[in-house]
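The structure appears right after this line, and notes come after that.
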């Protein structure tokens, strides 16, 4: 079995003119996306139906932006439009069935001064590098405007990918085209681990001071320290807040270069920390022959965490987006990225991956086998549990035994997932042992 994975690297070493060409091509891709989106929106207004990709292609292929883009890139822009409009119709169907309460709207146009990725589905590979392909019309216009022929340039394939089959190559603009990321989508073989026992599980509770609290169905537990990552994030927010204040004083509207560099540094640090954490967890599963990984999920949790002072901290924006100075709620670590990395590694090694809703898992006593209800926002109830959390990091059971509160939560997540071995008292006795703490460096 094979699977597709993505390797991302920052594009460096180009000339100023070459960077300008990338920006221009990404601007054309944005234009092409908007052209395709206009076509499907107008068709929806007139017919109240979804315009197919083939029909949209027929309407858009003579547009000047299409001619200035490499054909693969232009077609991918229209396919992104097709995915967006089909996603809208799926949401519309769920709305009609009463399964979705939120307001939905048609996909929006991209900003006039924005950029869009360049996607090559059949990259031109020569001598260990991917050639930057452009259309004949672009070459002609380039010669007319500059008086010289367009000189092709290339992107070196990373050493770890050489020899592998590359299915797709993308150029992703970041922070209004200040820099670019190259993404190589390539094929690898799944490294299915032998002798994994699917009945043996590792349950994870994701948090802040303890990024990961884990207990397995053999009664062993460990913690992955998250305080370094938390400190890193807090420093970033303070620095970004200072730069935002300077930007406001100078009346600058857009993201500054210093802010972009700071965001890039923080993003790289966080990604490195999360990937090392995911690798540690998966290696533990492989070493102990654990065939199932259970991860607690509660999408609304981070909006309710109180970490104290927030008046000098700004929200952390997604990679590539401009920070919003009016939003002062401290947005926490991107746990979704950690879950995605765990899911990818699980698939690679043949480990079953389960995401489990985790309401009340921090309140219930795992050792006392408390019942674990599921939170219902439409009909909230108050429940009484055998034990209680007496202070940060410490939970007291019905029989006055003290256990690590995060490990207690991870055990409850395992119990809630219907993993039978987590319901055995002899397994839960492992809660009484002090967990091993790992530090990411």
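Residue numbers (UniProt numbering): 1 to 441. C-beta atoms are modelled at their ideal positions from N, C-alpha and C, and glycine is treated no differently. All figures in this text were calculated on a predicted structure; none of them were measured in a lab.
*What are the partner residues of residue 173, as DSSP defines its beta bridges?*
180
*Which one or two residues does DSSP pair with residue 155 in a beta bridge?*
130
_Beta-bridge pairing of residue 393 - partner residues as DSSP gives them_ = Per DSSP, none; premise fails for residue 393.
_If distances are taken between C-alpha atoms only, which option among 296, 400, 137 comes closest to residue 353?_
296
*Can you tell me where the beta strand (DSSP E) with residue 3 in it begins and where it stops?*
2-10
*asked:* I'd like to know if the region 396-410 and the region 348-367 are in contact, where contact means that at least 3 CB-CB pairs between them fall below 8 Å.
replied: yes
_For residue 60, three-class secondary structure by DSSP_ = helix
*By DSSP, does residue 43 sit in helix, in strand, or in coil?*
helix
*Under the DSSP definition of a beta bridge, which residues are partnered with residue 188?*
3
*Straight-line CA distance for residue 158 to residue 124?*
15 Å
*What three-state label does DSSP hand residue 412 in the structure shown?*
helix
*How many angstroms separate the CA atom of residue 395 from the CA atom of residue 371?*
17 Å
*Hey, out of 432, 392, 21, whose CA is closest to residue 145's CA?*
21
*Opposite residue 102 in the DSSP bridges: which residues?*
In DSSP, residue 102 forms no bridge with anything.
_Length of the line joining the Cα atoms of residue 15 and residue 24_ = 14 Å
*Local Cβ density within 10 Å of residue 420, reported as buried at 16 or more and exposed below that*: exposed
_Member of 17, 1, 293 whose CA lies at the smallest distance from the CA of residue 198_ = 293
*Do you know whose CA, among 399, 430, 182, lies nearest residue 408's CA?*
430
_Quick check on residue 194: does DSSP put it in helix, strand or coil?_
coil
*If you measure from the beta carbon of residue 279 to each beta carbon in chain E, is any gap under 8 Å?*
Protein chains in the displayed structure number just one, and chain E is not present.
_Through-space distance from residue 248 to residue 63, alpha-carbon basis_ = 40 Å
_Nearest-angstrom Cα separation, counted from residue 208 out to residue 381_ = 27 Å
*Can you tell which of 91, 333, 335 has its C-alpha closest to the C-alpha of residue 102?*
91
*asked:* According to DSSP, simplified to helix, strand and coil, what is residue 118?
replied: strand
*asked:* So, with DSSP's three-state summary, where would you put residue 440?
replied: coil
*By Cβ distance below 7 Å, which residues in the same chain neighbour residue 343 in space, the five residues on each side in sequence not counted?*
353
*Given residue 194 as reference, the closest of 131, 373, 349 once Cα atoms are compared*: 349
*Under a three-way DSSP split, which group does residue 161 fall into?*
coil
*Helix, strand or coil: which one does DSSP assign to residue 15?*
coil
*Give the DSSP-derived three-state secondary structure of residue 298 in the structure shown.*
coil
*Can you say whether residue 212 is buried or exposed, counting buried as having 16 or more other CB atoms within 10 angstroms of its CB?*
buried
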